Amino acid sequence: MSILAMSYLQAYHVLSNLETSKTYEIMNNQGQRIYFAEERYNWFLQCLCGSSRPFTMTIYDNVGRDVIALHKALRCSCCWSSCYPQKLKVESPPGETIGYVYQYFHPFFPKFKIKNENKEDIMKIRGPCVLFCCLTNLNFNLLPMDEQMVIGKISKPYPGFVRRLLRNGNTFGIQFPFDLDVKMKALILGASFLISERLCQRLLALSFANPQQN
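Those letters in the sequence shown? Residues 0 to 213, by numbering that gives the first Met the number 0.
Dropping the structure here:
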């Protein structure tokens, strides 16, 4: 089983009057950085739309080559429920689409599907029940289409209080089979960024709704 850690560095850079960027590190299970990601987004849309904002993210290897690009369009939504499904396009190398990640509405369980370049379903992702996810570790299971087994997961321990979301150490773990196809690994990595944005919005909502948990 391969394990990656995606850590948000909280480094903000103002690129223009409205465009801003923030950065992430992607590390192996030895704590060694293997990729570096930069997200670019519109500051005004970030304030207005939160995790539903559009963004472009480029993932670089350690020698600075861009190896993966993620593109998310603006979608209307509210926490885990969505008026329109959240959609992320994954390119590897940048400019060559290898698949998509879609979020689907469910009243209790956040659900996502990974699709190939032809938009055919190839994997499901199922998150924890939103009614209880503030009380436990947060695991998003990676499932084949028949849902007969768990083949990996995207996870984050519950932070316990809101301010941990706002400091260094906001890390997500990604586990998947070592021999998984390289394109599928890139799609799962893309899914983890989409989930991390949705998760932070949900945790903030739960924390303010349940101040005794903070």
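Beta carbons: idealized from backbone N, C-alpha and C, even for Gly. Note that the structure is predicted; figures quoted are calculated from it, not measured.
Between which residues of its own chain and residue i is the CB-CB distance below 6 Å, once the five residues before and five after are set aside?
i	result
G98	V89, K114, N115, E116 and L186
K182	I97
K184	none
K110	Y103 and R125
M56	A36, E38 and L69
N140	R125, V149 and K152
Using a Cβ-Cβ cut-off of 7 Å (strictly less than) and excluding sequence neighbours within five positions of residue i, which residues of its own chain qualify?
i	result
N138	P127, K152 and S154
F54	E38, R39, Y40 and K71
R64	none
Throw me the rounded Cβ distance for the residue i and residue j pair, which I believe falls under 8 Å.
i	j	result
V100	L87	4 Å
L69	F192	6 Å
S195	F177	Not a contact, Cβ separation roughly 23 Å.
E146	K123	6 Å
Would DSSP call residue i helix, strand or coil?
i	result
K182	helix
Y99	strand
F192	helix
Over what stretch of residues does the beta strand (DSSP E) that includes residue i continue unbroken?
i	result
F54	F54 to D60
R125	D120 to R125
F111	K110 to N115
Which partner residues does residue i have in the DSSP bridge list?
i	result
E146	E146 is not bridged to any residue.
L69	M56 and V89
E38	K21 and M56
N138	S154
Q31	None; Q31 has no bridge partner.
F177	In the DSSP output, where bridge partners are listed per residue, F177 has none listed.
Near residue i, which residues of its chain fall below 8 Å by C-beta distance, leaving aside the five closest residues on each side in sequence?
i	result
N61	R32, I33, Y34 and F35
D120	K112, I113, K114 and M144
G94	A68
Does the beta carbon of residue i sit closer than 8 Å to a beta carbon anywhere in chain C?
i	result
M122	Protein chain content of the structure displayed is limited to a single chain, and chain C is not contained in it.
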